[in-house]
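Residue numbers (full-length UniProt numbering): 1 to 344.
Each remark here refers to the structure printed beneath this line.
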Amino acid sequence: MEGLPTTTQAERRWRSKNLQTSKPSLVMAFFSCVAWLYVAGRLWQDAENRTLLSNLLKKNIEQRPKVLTVEDKLMVLGCKDLERRIVEVEMDLTLAKSQGYLKHQLRQSESSSEQKLLAVIGVYTGFGSHLKRNTFRGSWMPKGDALKKLEERGVVIRFVIGRSANRGDSLDRNIDEENRKTKDFLILEGHEEAQEELPKKVKLFFSTAVQNWDAEFYIKVDDNIDIDLEGLIGLLERRRGQDSAYIGCMKSGEVVAEEGRPWYEPEWWKFGDEKSYFRHASGSLLILTKNLARYININSASLKTYAHDDISVGSWIMGVQATYIDDNRLCCSSIRQDKVCSEA
């Protein structure tokens, strides 16, 4: 009778050990079942996709052509989001074409315009150029009622300026006050007026001008240039109806690679071993027709600027089908008698 408790204790220890060793096995068995179910589900799903593709292929074979349609493939492969993006891009492209660089559409929009301007002339100016502006207003540039009458003839002239780095300071306030009196400014609200920002200024000028006025020509003029206004108007009149024209005093010139020298070009290495710029119109006075100005406006975000504004414009025009017109009358530093501009 004394040996009975000993036997019972041994059995209990054996059963407890057996139970402990069986727990990991049960866990492993459970996870094995889950993994098997997952794999089986994936295989079943792949089989369903293959069956669906096979049925679609059979359907297309019977109906000809013997290929799956893009719609079917997008449906099966779950690429509806990609399809939506493609449609959106196509819509954006259609909108750009409707507003931009298409000759026949430009002619249609021009014919429907009630007031067709000949030209918009933007004269670069700065915060410290008040005396220069007054000199221009008293010489080649009309003011007051004479400026309005010129606009009735189809020519708009505006001083072009950005905003101060310290928005709303005395520099900005002085320009706003002067503009209230003279009404002859085009203020580029999104542009910070600074010497190193001139290439961006020319891009924003053409973009803003083509949005604000419907004209045949858009002209950028430096503030150190006097203009024979009637001579310029006559030159433009003879060029009416000429699409994709890039007009100016054409030049190329050396690319300055030495930092610290005047006209230094930080990206000189892009212009080849000879370090010579491509052909472009001098920045003193350059003219673009409407569709080229619209091209700049539409592609403004992606157009690269270089160290100089005239180089930047030349690089944009080089990439499109434009007609280069080298007119010596627009070489402001020349000694020709019939030129339409001169250095002030």
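Every residue gets a Cβ at the ideal spot worked out from N, C-alpha and C, and that includes glycine.
All values derive from a computational prediction rather than experimental measurement.
Kindly give me the distance between the Cβ atoms of residue 312 and residue 202, rounded to whole angstroms, as I take these residues to be in contact under 8 Å. The residue given as residue 312 occupies position 312 in the sequence shown. The residue given as residue 202 occupies position 202 in the sequence shown. Their Cβ separation, rounded to whole angstroms, is 6 Å, which keeps residue 312 and residue 202 in contact under 8 Å.
How would you label residue 153, buried or exposed, when you count the other beta carbons within 10 angstroms and need 16 or more for buried? On the sequence shown, residue 153 is found 153 positions in, with the first residue counted as 1. Around the beta carbon of residue 153, a 10 Å sphere encloses fewer than 16 other beta carbons of the protein chains shown; the residue is thus reported as exposed.
Check residue 395 in the structure and name its three-state DSSP category. Outside the shown range of the chain (1 to 344) lies residue 395, about which nothing can therefore be said.
Alpha carbon to alpha carbon, what distance is there between residue 133 and residue 308? As a first step, residue 308 is located in the sequence shown; it is residue number 308 there, counting from the start. As a first step, residue 133 is located in the sequence shown; it is residue number 133 there, counting from the start. Those two C-alpha atoms are separated by around 23 Å.
At what residues does the beta strand (DSSP E) containing residue 214 begin and finish? Counted from its first residue, the sequence shown places residue 214 at position 214. From DSSP, residue 214 is part of no beta strand (DSSP E); its letter is neither H nor E.
Could you spell out the range, first to last residue, of the alpha helix (DSSP H) harbouring residue 234? To locate residue 234, count along the sequence shown from 1; it is residue 234. Start and end: 229-237.
Go ahead and label residue 162 buried or exposed: buried means 16 or more other beta carbons lie within 10 angstroms of its beta carbon, across all protein chains shown. Residue mapping note: residue 162 aligns to position 162 of the sequence shown, counting from 1. Burial call: buried.
Quick check: residue 225 and residue 281, are their CB atoms within less than 8 Å of each other? As a position in the sequence shown, residue 225 is number 225, starting the count at 1. As a position in the sequence shown, residue 281 is number 281, starting the count at 1. No.
Which whole-angstrom value describes the C-beta separation of residue 219 and residue 122, a residue pair presumed to lie in contact below a C-beta threshold of 8 Å? Locating residue 219 in the sequence shown gives position 219, where the first residue counts as 1. Locating residue 122 in the sequence shown gives position 122, where the first residue counts as 1. That pair is a contact at about 7 Å.
What residue range is occupied by the uninterrupted beta strand (DSSP E) comprising residue 189? What you label residue 189 is simply residue 189 of the sequence shown in a count that begins at 1. That run of the beta strand (DSSP E) goes 185-192.
Over what stretch of residues does the beta strand (DSSP E) that includes residue 325 continue unbroken? Within the sequence shown, numbered from 1, the residue matching residue 325 stands at position 325. Unbroken beta strand (DSSP E) run through residue 325: 323-326.
Can you tell me whether residue 32 is buried or exposed, with buried defined as 16 or more other CB within 10 angstroms of its CB? What you label residue 32 is simply residue 32 of the sequence shown in a count that begins at 1. When all chains shown are included, residue 32 counts as exposed.
Do residue 217 and residue 287 come within 8 Å of each other at the CB atom, strictly closer than that value? The residue given as residue 287 occupies position 287 in the sequence shown. The residue given as residue 217 occupies position 217 in the sequence shown. In contact: residue 287 and residue 217 (Cβ atoms closer than 8 Å).
Could you name the residues that DSSP lists as bridge partners for residue 196? In the sequence shown, residue 196 corresponds to position 196, counting from 1. In the DSSP output, where bridge partners are listed per residue, residue 196 has none listed.
Determine contact between the stretch 241-258 and the stretch 192-211, defined as no fewer than three beta-carbon pairs at a distance below 8 Å. no
Looking at the structure shown, is residue 283 part of a helix, part of a strand, or coil, going by DSSP? By one-based count along the sequence shown, residue 283 stands at place 283. Strand.
Tell me the residue span of the beta strand (DSSP E) that contains residue 117. Your numbering for residue 117 matches position 117 in the sequence shown. Unbroken beta strand (DSSP E) run through residue 117: 117-124.
Ignore the nearest five residues each way along the sequence and tell me which others in residue 222's own chain have a CB closer than 6 Å to its CB. The residue you call residue 222 lines up with position 222 of the sequence shown. Excluding positions up to five away in sequence, the list reads 124 and 284.
Through-space distance from residue 293 to residue 212, alpha-carbon basis: Your numbering for residue 212 matches position 212 in the sequence shown. Your numbering for residue 293 matches position 293 in the sequence shown. Rounded to the nearest whole angstrom, the C-alpha separation of residue 212 and residue 293 is 12 Å.
Provide the residue span of the alpha helix (DSSP H) that contains residue 170, from first to last. Against the sequence shown, residue 170 aligns to sequence position 170. From DSSP, the alpha helix (DSSP H) with residue 170 extends over 170-182.
Closest residue to residue 289 among 317, 260, 55 and 344 (Cα-Cα distance): To locate residue 289, count along the sequence shown from 1; it is residue 289. Closest option to residue 289, Cα to Cα, is 317.
Roughly how many angstroms lie between the CA atoms of residue 301 and residue 51, to the nearest whole one? Along the sequence shown, read from residue 1 onward, the residue named residue 301 stands at position 301. Along the sequence shown, read from residue 1 onward, the residue named residue 51 stands at position 51. Looking at the backbone, the Cα of residue 301 and that of residue 51 are separated by about 47 Å.
Given residue 166, which residues of its chain have a CB within under 6 Å of its CB, disregarding the five upstream and five downstream residues? The count along the sequence shown starts at 1 and reaches residue 166 at position 166. Cβ neighbours of residue 166 beyond the five flanking positions: none.
If the criterion is Cβ atoms closer than 8 Å, does the pair residue 188 and residue 205 meet it? As a first step, residue 188 must be located in the sequence shown, where it is residue number 188. As a first step, residue 205 must be located in the sequence shown, where it is residue number 205. Taking 8 Å as the Cβ cut-off, residue 188 and residue 205 qualify as a contacting pair.
Which same chain residues, not among the five before or five after residue 325, have their C-beta less than 6 Å away from its C-beta? Numbered from 1 along the sequence shown, position 325 holds the residue referred to as residue 325. If we look at residue 325 and ignore the five residues flanking it on each side, its Cβ neighbours are 245 and 247.
Does DSSP classify residue 377 as helix, strand or coil? A query on residue 377 cannot be resolved here, the shown segment of the chain reaching from 1 to 344 and no further.
Is residue 352 helix, strand or coil by DSSP? Outside the displayed range of the chain (1 to 344) lies residue 352, so it cannot be described from this structure.
Would you call residue 158 buried or exposed, if buried means 16 or more other Cβ atoms sit within 10 Å of its Cβ? Residue 158 sits at position 158 when you count from the first residue of the sequence shown. By the neighbour-count criterion, in which 16 or more other beta carbons inside 10 Å mark a residue as buried, residue 158 falls on the buried side.
For residue 266, collect the residues of the same chain with a Cβ closer than 7 Å to its Cβ; drop the 5 residues on either side in sequence, then sort them by chain order. The residue labelled residue 266 in the question sits at position 266 within the sequence shown. Answer for residue 266: 307, listed in chain order.
Determine the DSSP secondary structure at residue 251, reduced to helix, strand or coil. Here residue 251 refers to the residue found at position 251 when the sequence shown is read from its first residue. Reduced to three states, the DSSP call for residue 251 is strand.
Where do the N-terminal and C-terminal ends of the beta strand (DSSP E) with residue 294 fall, by residue? Looking up residue 294 in the sequence shown gives position 294. No beta strand (DSSP E) contains residue 294, which is instead part of the alpha helix (DSSP H) from 290-298.
Could you give the residue range of the beta strand (DSSP E) that holds residue 159? Counting from one through the sequence shown, the residue named residue 159 turns up at place 159. From DSSP, the beta strand (DSSP E) with residue 159 extends over 155-163.
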